[in-house]
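**Q** In terms of UniProt numbering, the numbers along the sequence shown are unbroken and rise by one, the last being 150.
Here a beta-carbon is modelled for each residue, glycine too, at the ideal position from N, C-alpha and C.
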Amino acid sequence: MKEIFDTYDGDNQGFIKASNLGLILRTLGFNPRDSDLQRVGKEYDPERTDRLKFPEFVASILSIPTTITDKEIIPAFQVFDLEKRGVLEADEILKCLTNVGEMLDEAEAKAFKDNLKPDDLGLFNYTGRKFNFNFLIIIILFCRFCSEIY
1 MKEIFDTYDG DNQGFIKASN LGLILRTLGF NPRDSDLQRV GKEYDPERTD RLKFPEFVAS
61 ILSIPTTITD KEIIPAFQVF DLEKRGVLEA DEILKCLTNV GEMLDEAEAK AFKDNLKPDD
121 LGLFNYTGRK FNFNFLIIII LFCRFCSEIY
């Protein structure tokens with residue numbers, strides 16, 4: 001997430017233009033609704049400064065639903081679900097994401113864990129779910145950098 005933010009913070013002032021959020025999402029292959037972008041603007045840039053610092057950028061992306069369905073992301077999880085049970089251990093996913101490759105920082109790991117919603121046994125059921133944008137980015141990182149562990 002930080003790399004994406006830094007790309008659009010070309011002059012390194014510590015913020016991006018809030019009005020560019022739709023462009024950023026579309027560049028990454030998503031198609032946010034105008035109503036979602038307007039809601040995010042009101043919520044995360046209430047004074048209409050057209051500036052989002054990194055924490056607001058992350059929070060705003062977390063709040064935008066994605067059009068990617070579970071049928072498109074489930075194959076990524078199945079690579080790691082050797083027993084084909086439809087579940088993965090949440091702690092193992094987090095360990096991988098915070099220790100291998102482009103490691104997640106504490107805020108990103110917390111956002112990821114919030115989206116996992118593991119059951120009482122610590123298992124994450126990845127079937128029949130809707131995934132938000134930030135979660136999908138982290139899953140892409142998971143698949144890219146953790147494949148050598150499994």
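1. Could you check if Pro65 is buried or exposed, using at least 16 other CB atoms within 10 Å of its CB as the buried criterion?
2. Helix, strand or coil for Arg39? Go by DSSP, reduced to three states.
3. When we look at the beta-carbon of Val40 and count the other beta-carbons within 10 Å, is it buried (16 or more) or exposed?
4. Starting from Phe57, trace the alpha helix (DSSP H) both ways and give me its first and last residue.
5. Quick one: what's got a C-beta closer than 6 Å to Ser127's C-beta in the same chain, skipping five residues either side?
6. Rounded to whole angstroms, what is the Cα-Cα separation between Tyr150 and Pro46?
7. Looking only at its own chain, which residues have a Cβ that is under 7 Å from the Cβ of Ser19, when we skip the five neighbours before and after it?
8. Taking only three categories from DSSP, how would you classify Leu94?
**A** Walking through what the data contain:
1. Here residue 65 refers to the residue found at position 65 of the sequence shown. It counts as exposed.
2. Working through the sequence shown from its first residue, we reach residue 39 at position 39. Looking at Arg39 - three-state DSSP - the assignment turns out to be helix.
3. As a first step, residue 40 must be located in the sequence shown, where it is residue number 40. Buried is the call here.
4. On the sequence shown, position 57 is the one that residue 57 refers to. 54-62 is the extent of the alpha helix (DSSP H) around Phe57.
5. As a working mapping, residue 127 is identified with position 127 in the sequence shown. The question names Ser, but residue 127 is Thr in the sequence shown. Excluding residues within five positions, the ones whose Cβ falls inside 6 Å are Gly86.
6. Here residue 150 refers to the residue found at position 150 of the sequence shown. Here residue 46 refers to the residue found at position 46 of the sequence shown. Since pLDDT at Tyr150 reaches only 43, below the 50 mark, its modelled position is unreliable, and the value read off the structure follows with that caveat. Taking the straight line from one Cα to the other gives about 45 Å.
7. Working through the sequence shown from its first residue, we reach residue 19 at position 19. Asp50.
8. Along the sequence shown, read from residue 1 onward, the residue named residue 94 stands at position 94. In the structure shown, Leu94 sits in a helix (DSSP, three-state: H, G or I).
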